[in-house]
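Residue numbers (the numbering used here), protein chains in the order written: chain V, 4 to 163; chain E, 266 to 622.
Here's the structure we're looking at; comments come further down.
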């Protein structure tokens, strides 16, 4: 231990050291006072973010063709350069998204004029499960209604 | 339009125009939105940031919600103006610290849009008390009204695209500002806060990220924005808030019963200090005002005095005190001035009696 550890987020000297044990694997995050404060001790997202930031880069340099933002920039700032960056970095950020968000696909609203595909897909999955439950419970009227809804959703999804 | 106009205008949070509640001070909805094809504010060059600001302000000016509202450009405001806006929760610290940020605020101060913060637009709706659905409905209408005009960046797979991965998807942050003196006094707050964060909710101090929980006030919000529908996010938060409100009431009643005279003594001492102190720091006044609010909720003081306490919590903040004085003050000067404001407002407060709630 000759050199003091640097903060995983901003390169100041780290004074807060966190060890996380996930499925038997120990990961360590080192933060300076300011970043640790900023994150808040009860806010797990920032630490998960820090984890991902210090993970060794698996992919070679990526550059957004639209705005020139690179993966090195992301590692420094933790934020992207432009909406198009998501196309370039989307796959590389998949793991981080799962860590921070626990999910990888949008199921919420869409702007007016855009079909809410995610929501329809989500509803389709739920309706299929509900139909199985209805059949098992011999609720054939309910099952028929769900079958119609599923057909309608499948049609809408194939058209969008 | 000046910041002073905003402060002197009556609004829900300071003038009891909305329905007030004992535990939930306010409900907030925030939507992060970005313009398709434009770099995010943190990466955009100065001319681009100016263009973004102009496009957004124009679109907002066309929206009926912002008719006769305020357009504030951060670069044109004094440090004190910006600090007051932060204390009012109308803009974030991050927006206030940049030169190219702007805020458009509706006349009744319910809706505010931050431009060029971390994202191009942060649409915010705040209502006094606990009104999650109503607050959401207004935000949804604003989103629908602005979308066609501004063409928001959206991907079928990832939803609304944002600068930070923590906001992508719905871009929705729903939160409640809650006053939890019972849980704090009983020493349960840490446990509650741990349970909330384990179930995907963030607990923060009263000015948001990285701030202290002055006056036993906390902000509880959803963390996850992707893979859940807006409805699911709201239901999850709503369930927990109901739970926290119930736990807070249980803690309050238990304290009042078990402590008896000690309970009323604590609230009375706080009123005594606030009424006679000549120097009051911000932290001290917040904590004592928290006791007074508790006294109003519990029937130790008349409930109709609660809005006076709420207003003092807002107006006792450092920038507000200075704004009222008409200029910058050092820390002693602020404490002196704050004490005078509080003393004047509480002059005819009655003596706290035993709890009735």
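Even for Gly, the Cβ is constructed at its ideal location relative to N, Cα and C.
Bear in mind that the values here come from a model prediction, so they are computed numbers and not experimental data.
Item: Short CB-CB distance (under 8 Å) between residue 406 of chain E and chain V; Value: no
Item: Candidates E/593, E/308, E/453 and E/293: closest to residue 381 of chain E by CA position; Value: E/308
Item: Residue 550 of chain E, buried or exposed, once every other Cβ within 10 Å from all chains shown has been counted against 16; Value: buried
Item: Length at least 3, wholly inside the stretch 300-369 of chain E: the beta strand (DSSP E) runs in chain order; Value: 335-338
Item: Closest by C-alpha distance to residue 541 of chain E, when choosing among E/402, E/560, E/516 and E/608; Value: E/608
Item: Proximal residues of chain V, C-beta to C-beta of residue 493 of chain E below 8 Å; Value: 106, 110 and 111
Item: Which of helix, strand or coil DSSP assigns to residue 91 of chain V; Value: helix
Item: Paired residues, beta bridge with residue 392 of chain E - DSSP; Value: E/292
Item: Where residue 267 of chain E falls: helix, strand or coil (DSSP); Value: coil
Item: Contact set between residue 114 of chain V and chain E, taken where Cβ atoms lie within less than 7 Å; Value: 412, 417 and 419
Item: Validate contact between the stretch 290-300 of chain E and the stretch 424-431 of chain E using beta carbons, cut 8 Å, 3 pairs; Value: yes
Item: Three-state secondary structure assigned by DSSP to residue 15 of chain V; Value: coil
Item: Continuous alpha helix (DSSP H) stretch holding residue 379 of chain E: start and end; Value: Residue 379 of chain E -> not in any alpha helix (DSSP H); beta strand (DSSP E) instead, spanning 376-380.
Item: Residue 401 of chain E: contacting residues in chain V (beta-carbon distance under 8 Å); Value: Under the 8 Å cutoff, chain V gives no residues; its nearest Cβ is about 11 Å from residue 401 of chain E.
Item: Cβ neighbours of residue 315 of chain E in the same chain (closer than 8 Å, five flanking residues each side left out); Value: 365
Item: Within chain E, the residues that residue 13 of chain V reaches when beta carbons sit closer than 8 Å; Value: Correct list: empty, because the minimum Cβ distance to chain E is about 14 Å.
Item: Spatial distance of residue 181 of chain V from residue 89 of chain V (CA atoms); Value: Since the first residue shown for chain V is 4 and the last is 163, residue 181 of chain V is missing from the structure and cannot be characterised.
Item: Contacts that residue 117 of chain V makes with chain E (C-beta to C-beta distance below 7 Å); Value: 419
Item: Inter-residue spacing [alpha-carbon to alpha-carbon] between residue 303 of chain E and residue 592 of chain E; Value: 39 Å
Item: Supposed contact pair residue 125 of chain V and residue 110 of chain V - C-beta distance, whole angstroms, cut 8 Å; Value: 4 Å
Item: For residue 554 of chain E and residue 577 of chain E, believed in contact at Cβ under 8 Å, the rounded distance; Value: 6 Å
Item: Cβ-Cβ distance between residue 145 of chain V and residue 154 of chain V below 8 Å; Value: no
Item: Residues that residue 299 of chain E contacts on chain V, provided the C-beta gap is smaller than 8 Å; Value: 86
Item: Residue 63 of chain V, buried or exposed, once every other Cβ within 10 Å from all chains shown has been counted against 16; Value: Below a pLDDT of 50, predicted positions are generally treated as unreliable, and residue 63 of chain V, at 47, falls in that range; the measurement from the model is reported next regardless. Exposed, since its Cβ has fewer than 16 Cβ neighbours within 10 Å.
Item: Among V/81, V/142 and V/152, the one whose alpha carbon lies nearest that of residue 127 of chain V; Value: V/152
Item: Proximity test, Cβ basis, 8 Å: residue 480 of chain E and chain V; Value: no
Item: Cβ contact (3+ pairs, closer than 8 Å) linking the stretch 266-273 of chain E and the stretch 334-350 of chain E; Value: yes
Item: Residue 432 of chain E - DSSP class collapsed to helix/strand/coil; Value: coil
Item: Coarse secondary structure for residue 623 of chain E, derived from DSSP in three states; Value: This structure cannot settle anything about residue 623 of chain E, because the visible part of chain E is limited to 266 through 622.
Item: Between the CA atoms of residue 558 of chain E and residue 394 of chain E - distance to the nearest angstrom; Value: 14 Å
Item: Chain E contact residues for residue 93 of chain V, given Cβ-Cβ distances below 9 Å; Value: 420, 422 and 423
Item: Identity of the residue in V/81, V/141, V/101 and V/87 nearest residue 68 of chain V by Cα; Value: V/87
Item: Buried versus exposed, by CB contacts within 10 Å (16 or more), residue 619 of chain E; Value: exposed
Item: Within 9 Å of chain E by C-beta, residues of the stretch 122-140 of chain V in sequence order; Value: 122 and 125
Item: Neighbour list for residue 72 of chain V in chain E, Cβ cutoff strictly below 7 Å; Value: 308
Item: Residue range of the unbroken alpha helix (DSSP H) whose run includes residue 557 of chain E; Value: 547-562
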